[in-house]
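J.:
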């Protein structure tokens, strides 16, 4: 997945790999926060999810007409 993010044949493949990596990171944080019973990590998960969604939307908007 890291290779796909760095090299990916197209920008859209890189964006998809980035999205997949952030989802896996959010799931990892969710499991860890459940095990540790830490509500602070839940807030971090929500923030990361919203930032990921916003960044993918912005990048898609600006690259939409280029390929």
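Residue numbers (our numbering): -9 to 57. By construction, the Cβ of each residue, glycine as well, lies at the ideal position given by its N, Cα and C atoms. Given the structure is predicted, the values throughout are model-derived calculations rather than measurements.
Please report the straight-line C-alpha distance between residue 33 and residue 44, rounded to a whole angstrom.
T.: Reading the chain shown from its first residue, position 43 is the one you call residue 33. Reading the chain shown from its first residue, position 54 is the one you call residue 44. Near 17 Å, if we compare the C-alpha coordinates of residue 44 and residue 33.
J.: Which residue comes first and which comes last in the alpha helix (DSSP H) that contains residue 0?
T.: Taking the chain shown and counting its residues from 1, the one referred to as residue 0 is at position 10. Element bounds for residue 0: n/a, residue is neither H nor E.
J.: How is residue 78 classed by DSSP in three states: helix, strand or coil?
T.: Because residue 78 is not part of the residues shown, which for the chain are -9 to 57, the question remains open.
J.: Confirm, please, whether the CB-CB distance from residue 9 to residue 42 is below 8 Å.
T.: Translated into positions along the chain shown, residue 42 becomes position 52. Translated into positions along the chain shown, residue 9 becomes position 19. Cβ atoms of residue 42 and residue 9: closer than 8 Å.
J.: Between residue 30 and residue -5, what straight-line distance do the alpha-carbon atoms span, to the nearest angstrom?
T.: As a working note, residue 30 is residue 40 in the chain shown. As a working note, residue -5 is residue 5 in the chain shown. Between residue 30 and residue -5, the C-alpha separation is close to 29 Å.
J.: Identify, in the order they occur along the chain, each residue of the same chain with its Cβ nearer than 7 Å to the Cβ of residue 48, setting aside the five sequence neighbours on each side.
T.: For the purposes of this step, residue 48 is identified with residue 58 of the chain shown, where counting begins at 1. Counting only Cβ-Cβ distances below 7 Å, and skipping sequence neighbours, we find nothing.
J.: Nearest CA to the CA of residue 12: which residue from 54, 28, -2 and 36?
T.: Residue mapping note: residue 12 aligns to position 22 of the chain shown, counting from 1. When each option's Cα is compared against that of residue 12, the closest is 36.
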